[in-house]
């Protein structure tokens, strides 16, 4: 496509690309992406005024001089440019997807690999049809490995991201009940996540596999793999202690290594092993791998330990789905902490399964014999056998806690991002 080749020449002589006029734009190509409620073309002039070298627009009315580059569809052009760039790079692409743990695993792997290689990785959770091409276009001439996080909430989206990124190596962290509204069912989630494996099978690629996950092991048949797990894997591990942070032992080729991480939660054990296995796959020394894992500190409301003047808080409020919420409750129960409290917020994107899955969480709380529980959101409010305090808004919870103080307690906070559970910390 001549249009892409011409644009690629511009790209190679630019300082990168952007879709946001609030960013530093000097020397960058600006893509005027439009959404449901805005026309991105209207921002092209501002982008050029702020230093962009070229503005990609898909409305002829805005193409007023040679500083504008007219295309049929700005988003599709961004994706095509990213694919063209991927084809012209020698970097090894590691694609990561899964229902939970994608971002933590990606960050851990980055910490390990960047000690020995020139590595780039998806920023934050920019893992969709816009974020993936932006990440691919960050690959430089000297980049050796690119870690591409792939998110989806509909069947077919992972495959499309694979066609763009063309991964050489893949990792599925797990497959659970997430985005059921978009996928239609748990079976739909399996089909969608398996698109990464299917792509790699068609390209003779390789994977990093959690050998303890029977579903993943079944789906991975026929793939070249490096495995991790508790037994019978290339990298074997076990949990020594899980509170306040995970202390594990791992083994590879007869060598036993102890790792004292700064990561909370049993559910992060497999994420740590995945990062270790990535290091082993790329022939990094075990001491370097261990140092990278031990130096990693989670952020952005993901499994963070927060201490206030009166309480210790486990803040895991970046996102939530039935799978991750059950794991968080089980991990918290295993800690057998003094004066435990649990504050949970609604799980989003469950569609027709919303009541069933929120009821399942209430049942789990009862099964684990938790009594000090606050539930937040309209979905939890619909559940039965719910003898817990239930509120519909975060402000209601904050108001309640101001007059009913929790002190000298250990508190788990978890909920979907939109619930803004982190705001509650101010009264704890």
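Numbering (my numbering), first residue to last: 17 to 444. Glycine included, each C-beta is placed from N, C-alpha and C at the ideal position. Please read all numbers here as calculations on a predicted model, not as lab measurements.
For residue i, the nearest candidate out of the options (CA to CA)
i: residue 238; options: 337, 392, 222; result: 222
i: residue 141; options: 157, 163, 158, 203; result: 163
i: residue 251; options: 230, 259, 273; result: 273
i: residue 189; options: 116, 244, 165; result: 116
i: residue 30; options: 408, 46, 214, 105; result: 46
Alpha-carbon spacing of residue i relative to residue j, whole angstroms
i: residue 346; j: residue 385; result: 11 Å
i: residue 202; j: residue 77; result: 45 Å
i: residue 258; j: residue 174; result: 33 Å
i: residue 169; j: residue 48; result: 24 Å
i: residue 183; j: residue 281; result: 30 Å
i: residue 103; j: residue 85; result: 23 Å
i: residue 267; j: residue 120; result: 22 Å
i: residue 287; j: residue 377; result: 23 Å
i: residue 356; j: residue 388; result: 7 Å
i: residue 74; j: residue 95; result: 14 Å
i: residue 435; j: residue 249; result: 39 Å
i: residue 176; j: residue 363; result: 27 Å
i: residue 359; j: residue 333; result: 10 Å
i: residue 374; j: residue 308; result: 37 Å
i: residue 108; j: residue 218; result: 17 Å
i: residue 283; j: residue 399; result: 26 Å
i: residue 139; j: residue 215; result: 24 Å
i: residue 152; j: residue 27; result: 13 Å
i: residue 52; j: residue 91; result: 13 Å
Strand pairing of residue i, partner residues [DSSP]
i: residue 278; result: 313
i: residue 268; result: 271
i: residue 21; result: In the DSSP output, where bridge partners are listed per residue, residue 21 has none listed.
i: residue 332; result: 430
i: residue 105; result: Partner(s): none; residue 105 has no beta bridge.
i: residue 113; result: 188
i: residue 165; result: 112
i: residue 320; result: 331
Residue i at chain C interface by Cβ criterion, 9 Å
i: residue 76; result: The structure shown contains no chain C; it is built from a single protein chain.
**Report entry** Sequence ranges, alpha helix (DSSP H) only - wholly within the region 53 to 101, length at least 4
**Finding:** 60 to 65
Query raised in the report: Any contact of the region 116 to 131 with the region 53 to 68, i.e. 3+ C-beta pairs under 8 Å?
Result: no
Report task. Tell me, please, whether the region 322 to 333 touches the region 423 to 441 by the rule of three or more beta-carbon pairs shorter than 8 Å. Result -> yes
Query raised in the report: What runs of the alpha helix (DSSP H), each 4 residues or longer, lie entirely inside the region 354 to 416?
Result: 370 to 383, 394 to 397
Query raised in the report: Does the region 394 to 402 come close enough to the region 412 to 419 that 3 or more CB-CB pairs lie under 8 Å?
Result: no
Query raised in the report: Which ranges does the beta strand (DSSP E) cover as unbroken runs of at least 3 residues, wholly within the region 172 to 253, from first to last along the chain?
Result: 185 to 188, 222 to 226, 240 to 245
**Report entry** Stretch pair the region 297 to 306 + the region 229 to 236: three plus CB contacts closer than 8 Å
**Finding:** no
Report task. Please confirm if the region 310 to 320 is in contact with the region 146 to 153, defined as three or more CB-CB distances below 8 Å between the two stretches. Result -> no
Query raised in the report: Counting only runs that start and end within the region 32 to 56, where is the beta strand (DSSP E) found for 3 or more residues in a row?
Result: 45 to 47
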